[in-house]
Amino acid sequence: MEAAAIRSKIKEIISNVTNIPVEEIGDRASFRDDLDLDSLSLLEIGVDVDYAFKLGLPEEQIQEIQTVQDTVDLVLKCLGERLAHAEVA
Amino acid sequence: MDARVVVTGIGVVTPIGSGRQAFWRHLLAGRCGVAPVESFDTSGYKVHVGCEVKDFDPAPYVERLEAERLGRASQLAIAAARLALADAERAAEDLEPARCGVAMGTTSGEPREVERFDDCYVAERLEQVDDRFMSLYPCHVIAGHVAAELGFAGPNLVIPAACAAGNYAIANALDVLRAGRAELMLAGGADCFSRITYTGFARLGAIAPERCQPFDKNRRGMIPGEGAAVLVLEPLARALARGAPVYAEVRGYGLSCDAHHMTAAHPDGAARAMARALEESGAGADEVAYVSAHGTGTPTNDRLETRALERIFGDRARRLPTSSIKSMIGHTMGAASAIEGAVCALAVHDDHVPPTIHFERPDPECEVDCVPNEARAMKVPVAMNNAYAFGGNNASVIFRKVPEARP
Amino acid sequence: MNAAERRVVVTGAGVICALGDAPSAVYRRLCAGEGAIAPVEAFAVDGLRCREAAAVAGFEPRRYLGQGNLRPLDRTAQLVAAAAQLALDASGWTRERRHEHELGLALGTMFGSVHTISAFDRRALTAGPIYAKPMDFANTVINAAAGQTAIWHGLTGVNSTLSGGTTSGLLALAYAADLIRSGRASALLAGGGDELCFESFYGFYRTGRMAGSRNGAAPCAVPFDARRNGFVLGEGAALLMLEEERAARRRGAPILAEIRGHGSGYDPSRGRDGESGRDALVRAVDAALADAGLAPHAIDAVSASANGSVAGDRCEAAGLAAVFGRPLPPVAAVKSMLGECLGASGALQTLTLIEALDGGVLPGIRGLEHADAALASNGTPDGTPDATPGDLARSRPLAIDAGLVSAVGLDGNVGALVVSRAGEGDG
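Protein chains in written order, with the working numbering: chain A, 220 to 308; chain B, 13 to 419; chain C, 112 to 538.
Below you can see the structure in the form of structure tokens.
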């Protein structure tokens, strides 16, 4: 999956939780500073992202994401690792 | 508003003991009720402990109704109600039914009934849903079952104010008695161990892996629990006339709403509830000798609660004994503040306050005297019971010593 | 100022129900005998013998709540928050005014949202507990709708959720009235709300208490009708703004009615023993009348809770007959048109009576054709000798100065509330 498609899906999830239109969510937006999200919304987004990409993220990683870009990177990394595992297997 | 209302009976069912004496003894001894969860399989969770009431048998308490036709929260509530009436030296048969009412708090009502429905639903076996699901599940049945068991025909209400529900119920009972709408009220709270509740708090990352350490610098969260408490409340004049045991006067209460966030508390609301309770009680903040804290043991709650206490008690907040029995019995949800109300009444009556156990390291952000690890013998002329809930519902209740009553 | 001097008045109302979203329009349609019971569309009812309900079709929360983020609110909370907005508007509590004055909320509800609770659990069961939805968990508490509504509208006063089954809404009005009388609050929204959802629909269906849910019976949910065999579910939210009279007059608020008194109790037989249930209702009504300082003959109309339930309607008719003797005051039963709206019902019944104070017409009991013989021998809802079922079915002109709202729950809760025209501001 390409970064653009992942980013688009993540923005859609953020929009569903926050009611912020997708086009107003910047690629590098900070969840707390730019989007003014509280911790419950952040967790909801983390769970939805994890579920959408079937990542099985550890708690700590969900809590570490601070920006839209962090989230895209995390998803890419997890998907990449999964692919590597699959190739090794 | 001048009728004085007192606690004449206490019934509790908790993870560390049932009945007033056993509970109070174990509480002052600092017993811990945490154990591996047995109600359901936690293998899919990161946490595995809870505070369940092990080996609870409703049979000795449920006489008129059939125990197997009641949800577990109703069973716990009936047990607490029977224990409370016996403690108050009242037999249900000797009371005038229409003048006796019930006010109960709960977070989830009878969650196991909806959990059973959900099991059938996901298994695509709806035909296996119990025909009695809708008769057993709605939360109001808890007070209804207590009243039906005891034959009580007076005012009957459930206040599902989540984790502050017990205090809301005690407050309501106080008003019902003051308005002369009943002569005896059973007031308290009940919740049973629930998969739904456990799942939710686990997902929020709010459950501690091993133990609950309120106000400790390294506290890691709450531990879900279950239980019930019922207080017998009567007008003081009636209690004195019949020579009843009197634990404490329920002197006043304060309610408020944060209107801020569903799950994140705000110190303003908590402080307003405390201030209002003190105002109604005619007690100065300096008269409060003991505070039963909400004290869930989550990093955020205990910090914000300390800020609220500082607003009311100023510098004295650091020296004011403020313990959380959730360190011992976990967070019993809607029952919590009812059990803690019983604790306040007992502290006032018995000149002891229970400890906060598992306390190791002070937190500079939680500078309270949490009565660390050891119960303390001390006079408690006035005690304050604080509870805060999802939905921003805050409730504080004031208990006061009744010098003229039978000791 | 003592309790007797603090009078409780209604300064506005908000409603969202199957017959509309404005008290006057809902009342007009009730008087016109318009039913709102229709095939269920919100969820699948294939294979069930019951397929109808009085739903709020096409509910659009943004019409009432504007452009904010509605995601944190489930459907029950949206219904309640919308009704609250309407009640705040009607009573003149602007956002600016709310900043200066603490408003409370007493919300009656039977379930909060059993749909939210069940869906949260099912998601964790099917996807695994780590995929449980955090924002939905916040709404699994039964006080979620009250909490969310307080957040949405900035209501920082007393916030209480009251549950007494289908009497919840009436109990919430009584609770709020007492907070005002005791001086704890001067203005609160009070009433109730519950949604229509599969979980409660299917659950009630399985109890056999829904009209037509038992094998071989054609559904009949007509209150007090001999053919009745259960209720039809409805949904909605209704809130009244209750205020201390002098404070309300000082701010120049519209005064629609006065809450005069109330009483409640419990039938320990939980509806199984007709006499026990009747006696419980009689005590509640007597207590309400005494609290109001009114004799039974001062009651011009009754807004009953009858919903087609076999035992419940009989209990209510018997209780009213025992209090009022014959002839009974005229009785309305709005659930014949709105269905059983659970926590909202008591507030909808009260709202109807308040509208009738000015409207001068009492809605009829839609569909009543055969008043139950058992009821007739024990006092029909309208015991006047010449009253036929046809008379009861039709709306009638009626001058109402004071009326009674009665509520008999499904399993033991009973309540009564007296409303009247507001007296002049002589205090």
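Beta carbons are placed, not taken as given, at the ideal position from N, Cα and C, and that holds for glycine.
- Distances from the CA of Val413 (chain C) to each of C:Ile476, C:Ala287, C:Ala296 and C:Gly203 were compared; the closest alpha carbon is that of C:Ile476.
- If you check the CB distance, Ser408 (chain B) and Ala289 (chain B) come in under 8 Å.
- Contact check for Asn230 (chain B) against Glu372 (chain B) passes: the beta carbons are separated by less than 8 Å.
- Arg81 (chain B) counts as exposed, since fewer than 16 other C-beta atoms from the protein chains shown sit within 10 angstroms of its C-beta.
- The beta carbons of Leu449 (chain C) and Leu190 (chain C) sit no closer together than 8 Å.
- Three or more beta-carbon pairs separated by less than 8 Å are not found between the stretch 295-302 of chain A and the stretch 25-43 of chain B, which leaves the two stretches without contact.
- A straight-line Cα-Cα distance of about 43 Å links Ala104 (chain B) and Gly123 (chain C).
- Less than 8 Å separates the beta-carbon of Ile232 (chain A) from that of Asp267 (chain A).
- Residue contact with chain A for Asn254 (chain C): absent (no Cβ-Cβ distance below 8 Å to any residue of chain A).
- Judged by DSSP in its simplified three-state form, Pro226 (chain B) adopts coil rather than helix or strand.
- Leu267 (chain B) belongs to the set of residues whose beta carbon lies under 8 Å from a beta carbon in chain C.
- Going by beta carbons, Gly156 (chain B) and Arg381 (chain C) fall inside the 8 Å limit.
- Burial state of Glu127 (chain B) is buried, judged by a 10 Å Cβ sphere holding 16 or more other Cβ atoms.
- What Asn180 (chain C) touches in chain A, judged by beta-carbon distance under 7 Å, is Thr237 and Asn238, going in chain order.
- Residues of the stretch 417-448 of chain C that bring their beta carbon within less than 7 Å of a beta carbon in chain B are absent altogether.
- Below the 7 Å Cβ cutoff, chain C contributes Lys244, Pro245 and Met246 as neighbours of Glu263 (chain A), in chain order.
- Asp424 (chain C) sits buried, since 16 or more C-beta atoms from the chains shown fall within 10 Å of its C-beta.
- The beta carbon of Tyr180 (chain B) lies closer than 6 Å to those of Gly117, Ile171, Ala173 and Ala407 in the same chain, with the five residues before and after it left out.
- For Leu259 (chain A), a Cβ of chain C is located within less than 8 Å of the residue's own Cβ.
- By the Cβ rule, the stretch 178-192 of chain B does not count as touching the stretch 123-138 of chain B, because fewer than three pairs are nearer than 8 Å.
- Note on geometry: alpha-carbon atoms of Gly526 (chain C) and Ala415 (chain C) lie some 11 Å from one another.
- In terms of CA proximity to Ser258 (chain A), B:Arg215 leads the group B:Glu136, B:Arg215 and B:Val18.
- Bounds of the alpha helix (DSSP H) holding His226 (chain C) are Val225 to Ala238.
- The C-beta distance from Tyr286 (chain C) to Leu273 (chain C) rounds to 6 Å, short enough to fall under 8 Å.
- Listed along chain C, the residues sitting closer than 7 Å to Val266 (chain A) by beta-carbon distance are Tyr242, Lys244 and Pro245.
- Annotated three-state conformation of Met146 (chain B) is helix, per DSSP.
- With a 10 Å radius around the Cβ and a threshold of 16 neighbouring Cβ atoms, Glu136 (chain B) comes out exposed.
- Between Phe335 (chain C) and Leu459 (chain C), the C-beta gap is not smaller than 8 Å, which leaves the two residues out of contact.
- According to the DSSP assignment, Tyr133 (chain B) belongs to the alpha helix (DSSP H) that extends over Pro123 to Val134.
- For the C-beta of Leu515 (chain C), not a single chain B residue is nearer than 9 Å; the gap to the nearest is close to 18 Å.
- With a minimum length of 3 residues, there is no unbroken run of beta strand (DSSP E) contained wholly in the stretch 307-376 of chain B.
- Exclusion of the five residues before and after Ala296 (chain C) leaves Gly215, Gly268, Val269 and Leu290 as the residues of its chain whose Cβ lies within less than 7 Å of its Cβ.
- At least 8 Å separates the CB of Glu306 (chain A) from every CB of chain B.
- For Val269 (chain C), the closest Cβ of chain B is nearer than 8 Å.
- Proximity of Leu316 (chain B) to chain A, defined by a Cβ-Cβ separation below 8 Å, is not satisfied.
- One alpha carbon belongs to Gly265 (chain A), the other to Lys230 (chain A), and they sit about 12 Å apart.
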